[in-house]
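Here is the structure we will look at, set down as structure tokens.
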Ligand SMILES: [Zn+2]
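Numbering (my numbering), first residue to last: 1026 to 1251.
As structure tokens, then:
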């Protein structure tokens, strides 16, 4: 689930409160979020799998960071994988999934209208997850989910960072257009729109980094020396 302890810890990294090389201290994180050390340890383990955190021998966890080139390569790969899922889903989704997709877009319209950022983030997970399932290819789904997990701390920042004025209307419109192509069985259009959608997320993210680089709450990417 998106806005969990894992995301809260990831946010500390993205806000620059925890910087690359900093150690994640289970004790102070547990105290800060008012939980026991067990969920903190689990969240750190999951972040280790996502690539945001590096778990070193003898279980000390430190903050890792993608540099800009790595981040854009990750999104390039994600764009292709998501585009393939959308294309397959356009021809393979079953009737129940099509109904679910229609319902999701209707809910998304409502979420966007009331600017509910955390609901929009969950919606984004659900929307892409539904297309991963609809592609009917377990290997493709596995790759899509693993890739998504790696970039989620970055893409989710657009929804979770207070200093970012999230535009929820644009991703909603893009999701709606992709869904329309999928429901029409137009694999080529679905994949083109999906590729554009993921590229747009990267552009927004880079703009976010640029805009906030000078501020104290700026998320840190390696190579940002401004
Ligand atoms: Zn999306």
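All C-beta atoms in this analysis are idealised placements derived from N, C-alpha and C, irrespective of residue type, glycine included.
Not one heavy atom of ligand 1 falls within 7 Å of the beta-carbon of residue 1197. The beta-carbon separation of residue 1184 and residue 1131, rounded to 20 Å, does not stay under the 8 Å limit for a contact. With fewer than 16 other CB atoms across the displayed protein chains lying within 10 angstroms of its CB, residue 1124 is exposed.
Here the alpha carbon of residue 1077 sits roughly 19 Å from the alpha carbon of residue 1062. Apart from the 5 residues on each side of it in sequence, residue 1221 sits with its Cβ closer than 8 Å to the Cβ of 1199 in its chain, given in chain order. Inter-segment contact for the segment 1103–1112 and the segment 1217–1235 is present: three or more beta-carbon pairs are separated by less than 8 Å. According to DSSP, residue 1086 shares a beta bridge with 1080.
For the pair residue 1129 and residue 1155, the CB atoms are nearer than the 8 Å cut-off. Residue 1048 is bridged by DSSP to 1087. Take residue 1043, set aside five residues on each side of it, and the residues of its chain with a beta-carbon closer than 6 Å to its own are 1037, 1088, in chain order. Contact between residue 1118 and residue 1133 does not hold, since the beta-carbon distance rounds to 17 Å and is not under 8 Å. Distance between residue 1085 and residue 1206, taken at the CA atoms: about 47 Å. Between residue 1031 and residue 1072, the C-beta spacing is below 8 Å.
Within the segment 1155–1182, the complete alpha helix (DSSP H) segments at least 4 residues long are 1163–1180, listed from N- to C-terminus.
Assigned with DSSP and collapsed to three states, residue 1201 falls in helix. Taking the Cβ of residue 1200 as the reference point, at least one heavy atom of ligand 1 falls within a distance shorter than 7 Å.
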